[in-house]
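**Student:** Provided herewith is a single structure, encoded as structure tokens, for subsequent inquiry.
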Amino acid sequence: MRGGQRAAVAPVRQFTNCRILRGGALLREDLWVRGGRILDPEKLFFEERRMADEQRDCGGCILAPGFIDVQMNGGFGVDFSKATEDVGSGVALVARRILSHGVTSFCPTLVTSPPEIYHKVLPQIPVKSGGPHGAGVLGVHLEGPFISREKRGAHPEAYLRSFEANAFHDVLATYGALDNVRIVTLAPELHRSHEVIQALTAQGICVSLGHSVADLGAAEVAVQHGATFITHLFNAMLPFHHRDPGIVGLLTSDQLPPGHCIFYGMIADGIHTNPAALRIAHRAHPQGLVLVTDAVPALGLGNGRHTLGQQEVEVDGLIACIAGTKTLCGSIAPMDVCIRHFLQATGCSVESALEAASLHPAQLLGLEKTKGSLDFGADADFVVLDDTLHVQATYISGELVWKAEETGP
Amino acid sequence: MRLVILDNYDLASEWAAKYICNCIVKFKPGQDRYFSLGLPTGSTPLGCYKKLIEYHKRGDLSFKYVKTFNMDEYVGLPRNHPESYHSYMWNNFFKHVDIDPNNAHILDGNAEDLQAECDAFEEKIKEAGGIDLFVGGPDGHIAFNEPGSSLVSRTRLKTLAMDTILANAKYFDGDLSKVPTMALTVGVGTVMDAREVMILITGAHKAFALYKAIEEGINHMWTVSAFQQHPRTIFVCDEDATLELKVKTVKYFKGLMHVNNKLVDPLYSMKEGN
């Protein structure tokens, strides 16, 4: 349990010899942690008159907030959309394995499925704090079934639905209880989407636009009704056109509610988005960019042929194809690989690249006070990186939960 | 008094830091034997603090058995305000060294009873056995002992002179209304009680103050002059700060530098075998 009176007598840990990401800059500062939270050392010194109980030398590394992945369909052979008897252990396996990628919180994502799947699976994926067992589950991302037929991508056509009959009631009937749901991706051109967007937003659920043929006007109205995210920009939507920029145009729209930032997910694996497109989006609206993996079950399986459900998949490095073809079947780049590729492709600062994977997703979900930053009072979920942004260690609530193997002489 | 003249700010800061380091190391502080240090704020001592931190990080100097007493603090400014002297000391010194927070004393400008806070501070100094070395970096006046302060004054509340408020405005976005108008400060008498005093004066803009402090008489308009009556005072300055002194004064003291340098060379260390 974090915080509380017990925290005051908890040991104080001081991480020294490091650079921390704070306020958009890498500062040569120590990181102080107590009771699972980031501590203000000046307050500790002058008010409590205490010193650190333990010091850990970080070897000159970078300490960044733990990465947050808001779109992961599975990994390591696990498919979140599959209704097994023990969905929980599949989620737990992925949660544990992504610690080595620096991910400390994530949103398991379900693709378009029949209602029975949602009713069976959703209750088995509760919101859960992270720890030595694995990254924290922030809630489920439901991508579909209320999406465009034309832009369904790999989603099964048979299970697409509309909510024109009963709007929000159709949504509830399809998904069942929404307790564990954090994000819903839908196509705003579907009739009565405004009511649905408003109802979902009122429940604290983040609404994302994606798998859609909406034009810019429709997208803007959707944002005015509460949508705050765009699911994997460029993919599964109309391409940018200079007389109708479509959903992509939201990045520079002047019709958004004042003070509202539109966030957009980008898969920066070097395969699903051309680097030039990545740069255009980043330059147009850097504060809204959220790096996502959109990982599929083949993530982490290593090169070679694998059987995933009904599919035979061939993995070669960062490319996953349907076996025997050149058809891409999803991304398998881990989050830290995406960050390094994003940094190299856009030439942005290290701070920007790190914020795109931590601060921005936290802001999207309204969690920036506790996640996605190393500000005083935030949860002590952070990742230790070397100068090439390779993960050396991962911490959740101030405890070491993963460490790279030492390669010694 | 000793007047130690170095070529520039960096060398003056280094000399001062070395002197402080040697004082502490030779004192051999320990469990029942703390070294008491009086400390200043402002831009002048920054170079000296950096050097002390360097010696600490090298392992040559520990502040584990050192007690510190700061000279002053603004009244009414929140403790965590970036311009408070608590913030200054934390960011420029305390957070980089191993001093025990219970031994770092700074006046509390937000105390309920300000005079009681001042009296308590004097008590703490007494309990610590007095101050071994008081380091100051003034503008002609010690801490906030503005011109006209009694030369036997103790720790008390002072209203700041308009000059001081104007000079500080740059730290408060140039907004005069945001600058504190009162401060708690150690008195001239408080610093005179220290066993040894070291004054850092660097820069051409301090030259007149140095002249008034050592070549003119003792006068409450220039409170630094009080140290002419202290048995152990060292003024550490750079060339620019001597610009208003007589040539013969500067020549005399420069001629003594080979003697003064014996105080910092060799530089002692707390490491084993030194």
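Going down the list, the sequences are from chains Y and P.
Counted the way our numbering counts, the first sequence spans residues 1 to 409.
Counted the way our numbering counts, the second sequence spans residues 410 to 683.
Just so it is clear, CB atoms sit at the ideal spot from N, CA and C, and this is done for glycine as well.
Curious, which full-length alpha helix (DSSP H) runs of at least 4 residues does the stretch 524 to 600 of chain P contain?
**Tutor:** You should have 571 to 577.
**Student:** With DSSP collapsed to three states, give me the class of P/Phe502.
**Tutor:** The answer is coil: DSSP assigns P/Phe502 none of H, G, I, E or B.
**Student:** So that I know if they touch, is there some Cβ in chain P lying closer than 8 Å to that of Y/Phe376?
**Tutor:** Cβ-Cβ to chain P under 8 Å: no for Y/Phe376.
**Student:** Under the assumption that Y/Ser129 contacts Y/Gly136 (Cβ atoms under 8 Å), give the Cβ distance between them as a whole number of angstroms.
**Tutor:** Yes, Y/Ser129 and Y/Gly136 are in contact; Cβ-Cβ is about 5 Å, under 8 Å.
**Student:** Which class does Y/Ser208 belong to by DSSP, given the choice of helix, strand or coil?
**Tutor:** Three-state result, Y/Ser208: strand.
**Student:** In the structure shown, what three-state DSSP assignment does Y/Ala276 receive?
**Tutor:** It is helical.
**Student:** Give the DSSP-derived three-state secondary structure of Y/Gly304 in the structure shown.
**Tutor:** In the structure shown, Y/Gly304 sits in a strand (DSSP, three-state: E or B).
**Student:** Please list the partners that P/Trp689 has in chain Y, where partner means a Cβ-to-Cβ separation under 9 Å.
**Tutor:** Only positions 410 to 683 of chain P appear in this structure, which leaves residue 689 of chain P out of reach.
**Student:** Would Y/Thr189 and Y/Ser162 be called neighbours here (beta carbons separated by less than 8 Å)?
**Tutor:** Thr is not the amino acid found at residue 189 of chain Y; the sequence shown has Glu there. No, the Cβ-Cβ distance between Y/Glu189 and Y/Ser162 is not below 8 Å.
**Student:** What would DSSP say about Y/His341, mapped onto helix, strand or coil?
**Tutor:** It is helical.
**Student:** Is there at least one Cβ from chain P nearer than 8 Å to Y/His50's Cβ?
**Tutor:** The question names His, yet the displayed sequence has Arg at residue 50 of chain Y. Cβ-Cβ to chain P under 8 Å: yes for Y/Arg50.
**Student:** Of the choices Y/Leu233, Y/Val315, Y/Gly59 and Y/Pro257, whose alpha-carbon is the least far from that of Y/Ala284?
**Tutor:** Out of Y/Leu233, Y/Val315, Y/Gly59 and Y/Pro257, Y/Leu233 has the C-alpha closest to the C-alpha of Y/Ala284.
**Student:** Looking at C-alpha atoms only, which residue of Y/Phe382, Y/Leu142 and Y/Gly324 is the closest neighbour of Y/Leu294?
**Tutor:** This sequence places Asp at residue 294 of chain Y; Leu is not what is there. For the residues Y/Phe382, Y/Leu142 and Y/Gly324, the minimum Cα distance to Y/Asp294 belongs to Y/Leu142.
**Student:** Kindly identify the DSSP beta-bridge partner or partners of P/Asp444.
**Tutor:** Going by the sequence as given, residue 444 of chain P is Phe instead of Asp. In DSSP, P/Phe444 forms a bridge with P/Val475.
**Student:** What are the start and end residues of the beta strand (DSSP E) that includes Y/Leu200?
**Tutor:** No beta strand (DSSP E) holds Y/Leu200; the alpha helix (DSSP H) holding it covers Ser193 to Ala202.
**Student:** List the whole-angstrom C-beta distance separating Y/Val410 from Y/Asp316, where the pair is believed to meet the contact cut-off of C-beta under 8 Å.
**Tutor:** Absent from the model: residue 410 of chain Y. The displayed extent of chain Y is 1 to 409, so no value can be given.
**Student:** Which residues in chain Y have a C-beta closer than 8 Å to the C-beta of P/Lys504? List them in chain order.
**Tutor:** Correct list: Asp30, Pro41, Glu42 and Phe45.
**Student:** Who does Y/Thr84 pair with in a DSSP beta bridge?
**Tutor:** According to DSSP, which records beta bridges pairwise, Y/Thr84 is partnered with nothing at all.
**Student:** Consult DSSP for Y/Gly404 and reduce its assignment to one of helix, strand or coil.
**Tutor:** According to the sequence shown, residue 404 of chain Y is Ala rather than Gly. Looking at Y/Ala404 - three-state DSSP - the assignment turns out to be coil, as it is neither helix nor strand.
**Student:** Is the CB of P/Pro510 under 8 Å away from at least one CB in chain Y?
**Tutor:** Yes, its Cβ sits closer than 8 Å to a Cβ of chain Y.
**Student:** Does the beta-carbon of Y/Lys326 have 16 or more other beta-carbons within 10 angstroms, so that it is buried, or is it exposed?
**Tutor:** Exposed, by the Cβ-count rule.
**Student:** For a cutoff of 8 Å on Cβ pairs, would you count P/His495 as touching chain B?
**Tutor:** Given the protein chain composition of this structure (Y and P), no chain B is represented.
**Student:** Between P/Thr372 and P/His550, is the Cβ-Cβ spacing less than 8 Å?
**Tutor:** With chain P covering only 410 through 683, there is no way to say anything about residue 372 of chain P.
**Student:** Mind checking whether Y/Ala281 and Y/Leu251 have CB atoms under 8 Å apart?
**Tutor:** Cβ distance < 8 Å, so Y/Ala281 and Y/Leu251 count as in contact.
**Student:** Given 8 Å as the limit, is there contact between the stretch 293 to 313 of chain Y and the stretch 357 to 376 of chain Y, that is, 3 or more CB pairs closer than that?
**Tutor:** No, the stretch 293 to 313 of chain Y does not touch the stretch 357 to 376 of chain Y.
**Student:** Pull the bridge partners of Y/His241 from the DSSP assignment, please.
**Tutor:** According to DSSP, which records beta bridges pairwise, Y/His241 is partnered with Y/Asp244.
**Student:** Looking at chain Y, which residues of the stretch 453 to 482 of chain P have a Cβ within less than 7 Å of any of its Cβ atoms?
**Tutor:** Listed by position along the chain: nothing, the set is empty.
**Student:** Could you check which residue in P/Ala622, P/Lys660, P/Thr651 and P/Glu605 has the C-alpha nearest to that of P/Pro640?
**Tutor:** Of the listed residues, the one whose Cα sits closest to P/Pro640 is P/Glu605.
**Student:** Find the residues of chain Y that neighbour P/Asn489, judging by a C-beta separation of less than 9 Å, and give them in chain order.
**Tutor:** Under the 9 Å cutoff, chain Y gives Asp40, Glu42, Lys43 and Phe46.
**Student:** Does the beta-carbon of Y/Ala219 have 16 or more other beta-carbons within 10 angstroms, so that it is buried, or is it exposed?
**Tutor:** When all chains shown are included, Y/Ala219 counts as buried.
**Student:** May I have the straight-line CA-CA distance separating Y/Ala393 from Y/Thr346, to the nearest angstrom?
**Tutor:** Computed Cα separation, rounded: 26 Å.
**Student:** Using only alpha-carbon positions, find the residue among Y/Leu238, Y/Phe146 and Y/Gly246 that is nearest to Y/Ile197.
**Tutor:** Closest by alpha carbon: Y/Phe146.
**Student:** Would you report the Cα separation of P/Cys646 and P/Gly598, rounded to the nearest angstrom?
**Tutor:** Those two C-alpha atoms are separated by around 23 Å.
**Student:** By a C-beta neighbour count over all protein chains shown, 10 Å radius and 16 as the cutoff for buried, is Y/Met1 buried or exposed?
**Tutor:** In this predicted model, Y/Met1 has a pLDDT of only 45, less than 50, meaning its place in the structure is not dependable enough to derive any value.
**Student:** Go ahead and pull the three-state DSSP assignment for Y/Gln392.
**Tutor:** Looking at Y/Gln392 - three-state DSSP - the assignment turns out to be strand.
**Student:** What are the boundary residues of the alpha helix (DSSP H) that Y/Gln455 is part of?
**Tutor:** It is not possible to answer for residue 455 of chain Y, since the shown part of chain Y is limited to 1 through 409.
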